[in-house]
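Below is one structure, written out as structure tokens; comments come after it.
In the numbering used here, the protein residues as written are 187 to 272.
Dropping the structure here:
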């Protein structure tokens, strides 16, 4: 099992993240961040650093976190020809 924690300290304007699993180097695989827009942690059946980077890009375009996640997943699933249920 892998778990990730993402947080933002509004007072100090600091992003922080942590991740743990039985696998080595998970922090370098699932956590992505951009100090200007936010952080993401991509993990699951089809984890990919691309999901995390796409999510941050969609947040940079003005989407909220949920919309950015939905868009990133939809685009990846479209590329591998899987239907996305919204």
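All C-beta atoms in this analysis are idealised placements derived from N, C-alpha and C, irrespective of residue type, glycine included.
Query, Result
"Around the C-beta of residue 193, are 16 or more other C-beta atoms found within 10 angstroms, so that it is buried, or is it exposed?", "exposed"
"Among 206, 238, 205, 246, which residue has its Cα nearest to the Cα of residue 218?", "238"
"Below 8 angstroms on the Cβ atoms is my contact criterion, and I expect residue 257 with residue 249 to pass it. Report the Cβ-Cβ distance as a whole number of Å.", "7 angstroms"
"Just confirm the distance between the C-beta atoms of residue 203 and residue 225, as a whole number of angstroms; I'd bet it's less than 8 angstroms.", "5 angstroms"
"Inspect the beta-carbon positions of residue 190 and residue 252 and report whether they are closer than 8 angstroms.", "no"
"Measuring only the C-alpha atoms, how far is residue 205 from residue 216?", "8 angstroms"
"Please name the residue, chosen from 242, 221, 267, 236, that lies closest to residue 196 on a Cα-to-Cα basis.", "221"
"Would you mind sorting residue 245 into buried or exposed? The rule is 16 or more other CB atoms within 10 Å of its CB.", "buried"
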